[in-house]
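Participant: Once you've had a glance at the structure underneath, I'll fire off some questions.
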Amino acid sequence: DTAVSQTPKYLVTQMGNDKSIKCEQNLGHDTMYWYKQDSKKFLKIMFSYNNKELIINETVPNRFSPKSPDKAHLNLHINSLELGDSAVYFCASSLTQGNTEAFFGQGTRLTVV
Amino acid sequence: SQQGEEDPQALSIQEGENATMNCSYKTSINNLQWYRQNSGRGLVHLILIRSNEREKHSGRLRVTLDTSKKSSSLLITASRAADTASYFCATDDYLSNTDKLIFGTGTRLQVFP
């Protein structure tokens with residue numbers, strides 16, 4: 531009974547390709563997030579959605595486009611991948627806005643070669 | 045950068061000893077959280093302390109918060125090998141009033157059996 535699940539767990543791709551990471555939560559939460567963790571373990575928010583509405587877009591290049599078809603899903607599409615995009619991407623969710631305890635997925639390790 | 049800082053960056057102790065990690069942050073907060081990340085896994089929420097609280101306990105965890113110094117500490121008592129992980133503090137973004145979590149740089153804890 532995985533609470534926040536994201537796929538794939540590992541993704542290796544060439545520069546210039548377009549790829550997607552999917553995320554689903556079965557917790558009934560209203561808010562979902564994408565975080566990026568770099569090689570130094572530094573975690574930074576990229577996006578947050580509340581009930582399918584974009585709330586936070588943290589100056590991420592527009593090659594990154596989140597899509598929330600419903601409040602249980604938040605997918606991340608990345609166009610024209612660059613070497614610097616290599617990182618671990620975490621999906622997370624929280625119950626509502628204002629309740630900031632977050633539940634994280636297992637992460638997607640993206641390697642761009 | 046709003047990123048908080050943690051020290052030490054790395055900590056090695058023997059089972060049974062106590063581990064103390066410190067976190068400093070930069071802006072006013074509503075609450076501060078601590079998360080644990082096992083190697084290759086997602087983050088797991090440990091404890092949340094509100095800005096009007098000074099100390100909180102959960103099992104072998106004790107968290108303190110000093111808003112005047114913009115600092116917090118996490119104490120793990122009677123540590124176990126299974127406590128080996130990276131520990132992150134995270135604050136909410138009081139200024140933007142969003143659900144964004146601002147993470148510290150993390151402390152890598154190694155507990156030797």
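Line by line, the protein sequences give chains A and B.
531 is the number of the first residue of the first sequence in this note's numbering; add one for each residue after it.
45 is the number of the first residue of the second sequence in this note's numbering; add one for each residue after it.
Cβ atoms here follow ideal geometry from the backbone N, Cα and C, with glycine treated the same way.
Report all residues from its chain with a CB closer than 6 Å to the CB of Leu573 of chain A; omit the five preceding and five following residues, and keep chain order.
Facilitator: The residue given as residue 573 of chain A occupies position 43 in the first sequence. Correct list, in chain order: Tyr565 and Gln567.
Participant: Give a yes or no on whether 7 Å exceeds the smallest Cβ distance from Phe147 of chain B to chain A.
Facilitator: Here residue 147 of chain B refers to the residue found at position 103 of the second sequence. It does: the Cβ of Phe147 of chain B has a partner Cβ on chain A nearer than 7 Å.
Participant: Using the three-state DSSP reduction, which class does Tyr126 of chain B fall into: helix, strand or coil?
Facilitator: On the second sequence, residue 126 of chain B is found 82 positions in, with the first residue counted as 1. For the record, residue 126 of chain B in the displayed sequence is Ala; it is not Tyr. Reduced to three states, the DSSP call for Ala126 of chain B is helix.
Participant: Starting from Ser578 of chain A, find everything on chain B with Cβ-Cβ shorter than 9 Å and list it in chain order.
Facilitator: By 1-based counting over the first sequence, the position of residue 578 of chain A is 48. Under the 9 Å cutoff, chain B gives Thr142, Asp143 and Lys144.
Participant: Looking at the C-beta of Gly86 of chain B, does it have a partner C-beta in chain A at a distance below 7 Å?
Facilitator: Residue mapping note: residue 86 of chain B aligns to position 42 of the second sequence, counting from 1. Closer than 7 Å: yes.
Participant: Determine the closest residue to Lys144 of chain B out of A:Tyr579, A:Phe594 and A:Glu612, with distance taken between C-alpha atoms.
Facilitator: In the second sequence, the residue the question calls residue 144 of chain B occupies position 100. It is A:Tyr579 whose Cα lies nearest to the Cα of Lys144 of chain B.
Participant: Quick check on Leu118 of chain B: buried or exposed, where buried means 16 or more other Cβ atoms within 10 Å of its Cβ?
Facilitator: For the purposes of this step, residue 118 of chain B is identified with residue 74 of the second sequence, where counting begins at 1. By the neighbour-count rule (16 or more Cβ atoms within 10 Å), Leu118 of chain B is buried.
Participant: Given a threshold of 16 other Cβ atoms within 10 Å of its Cβ, counted over all protein chains shown, does Gly614 of chain A qualify as buried or as exposed?
Facilitator: Here residue 614 of chain A corresponds to residue number 84 of the first sequence, with the count starting at 1. Result: exposed.
Participant: Just the Cα atoms here: how many angstroms apart are Val107 of chain B and Lys113 of chain B?
Facilitator: Looking up residue 107 of chain B in the second sequence gives position 63. Looking up residue 113 of chain B in the second sequence gives position 69. Distance between the alpha carbons of Val107 of chain B and Lys113 of chain B: 15 Å.
Participant: Can you check whether the CB of Asn74 of chain B is closer than 7 Å to the CB of Ser95 of chain B?
Facilitator: Reading the second sequence from its first residue, position 51 is the one you call residue 95 of chain B. Reading the second sequence from its first residue, position 30 is the one you call residue 74 of chain B. Taking 7 Å as the Cβ cut-off, Ser95 of chain B and Asn74 of chain B qualify as a contacting pair.
Participant: Expressed to the nearest angstrom, what Euclidean distance is found between the alpha-carbon atoms of Val643 of chain A and Ser102 of chain B?
Facilitator: Within the first sequence, numbered from 1, the residue matching residue 643 of chain A stands at position 113. Within the second sequence, numbered from 1, the residue matching residue 102 of chain B stands at position 58. Cα-Cα distance, rounded: 44 Å.
Participant: What residues of chain A sit near Asp136 of chain B, judged by a beta carbon separation below 7 Å?
Facilitator: By one-based count along the second sequence, residue 136 of chain B stands at place 92. Going along chain A in sequence order, the residues near Asp136 of chain B (Cβ under 7 Å) are Thr630.
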